[in-house]
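Participant:
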Amino acid sequence: MGKRFSIIKASVQRPDSPNSSNNPIFQNNDEIEIRVTPGEDSYINIFSIDQYGNVIRLYPNAYIKPEIVLSGKEFVFPDDDLRDRGLKLMVTTPKGLSKGIESILIIATKEAGHFLSDTTIQNPTITDLMRELSELEQSTWAEKIVGYEVRK
Numbered sequence: 007m008g009k010r011f012s013i014i015k016a017s018v019q020r021p022d023s024p025n026s027s028n029n030p031i032f033q034n035n036d037e038i039e040i041r042v043t044p045g046e047d048s049y050i051n052i053f054s055i056d057q058y059g060n061v062i063r064l065y066p067n068a069y070i071k072p073e074i075v076l077s078g079k080e081f082v083f084p085d086d087d088l089r090d091r092g093l094k095l096m097v098t099t100p101k102g103l104s105k106g107i108e109s110i111l112i113i114a115t116k117e118a119g120h121f122l123s124d125t126t127i128q129n130p131t132i133t134d135l136m137r138e139l140s141e142l143e144q145s146t147w148a149e150k151i152v153g154y155e156v157r158k
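With the working numbering as the guide, the letters of the sequence shown map in order to residues 7 to 158.
(1) Tell me, please, whether the region 47 to 61 touches the region 125 to 145 by the rule of three or more beta-carbon pairs shorter than 8 Å.
(2) Of all the options V152, Y65, E143, T99, which has the alpha carbon lying nearest to the alpha carbon of F11?
(3) Can you name the start and end residues of the beta strand (DSSP E) that T43 belongs to?
(4) Quick one: Cα of A114 to Cα of P21, how far?
(5) Bridge partners for L95 per DSSP, in chain order?
(6) Apart from the five residues just before and just after T146, which ones in its own chain have a Cβ nearer than 8 Å to its Cβ?
(7) Can you give me the start and stop residues for the beta strand (DSSP E) that E3 sits inside?
(8) Do T43 and E80 count as a contact pair if the criterion is CB distance below 7 Å?
(9) Going by DSSP, which residues form a beta bridge with K105?
(10) At what residues does the alpha helix (DSSP H) containing R63 begin and finish?
(11) Exposed or buried, what is S17 when buried is set at 16 or more other beta-carbons lying within 10 Å of its beta-carbon?
(12) Taking the beta carbon of Q33 as the centre, do at least 16 other beta carbons fall within 10 Å, making it buried, or is it exposed?
(13) According to DSSP, is I127 helix, strand or coil?
(14) For R91, which of F83, Y154, V97 has the nearest alpha-carbon?
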C-alpha cells in the first residue's frame, strides 16, 4: 500500500491573528481566513457547511481558478491579494439565533476537481458532496474539517 494522501494542517482564524485554535469562536461579522498545508502536491477545495448541512463551495469558484499547491506549502484563502481586491470571508450567526456552529471542509485532491458543479442541485448538502467524493479513488484525496462557533 502506498503513502496515504494527507492534509498536514488546516485552520480557520482571523487574518490578524497568527495563532489558530482547535475550536475557534468568532463574533458575528468577524472576518476569517482559511489556512491549509497539504502533505502532497494538491488541488485544494474549500467548502462552508452550516449547522443544517447546507454546503457552499468557497474555493475554487467561478472567479478564482484552482491552482496546484505544493507539498508542505501553506495555502491561505483568501490571501492578502484577494482581500485587498475586496474578497473577504465574514461569519454571521443564523437568522434569529444568537449563535451558530459551522464547519469548513477542506478537500485536497491529486487532480483538479469540480465538486458541486451540477447546476440542477439548487441547495447542495453535505450528502451531495460526499456522494461525489465516494466516486474518487480513496488514495487520491484527503479531507479535514475545522469546526467553529459564531456568537452575537
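From the three backbone atoms N, C-alpha and C, an ideal C-beta is built for every residue, glycine too.
Facilitator: Well, looking at it:
(1) yes
(2) E143
(3) 37 to 44
(4) 22 Å
(5) I38
(6) F11, T115, K116, E117
(7) Residue 3 cannot be examined here, being either before or after the span of the chain that is shown, 7 to 158.
(8) yes
(9) R157
(10) From DSSP, R63 is part of no alpha helix (DSSP H) but of the beta strand (DSSP E) over 61 to 65.
(11) buried
(12) exposed
(13) coil
(14) F83
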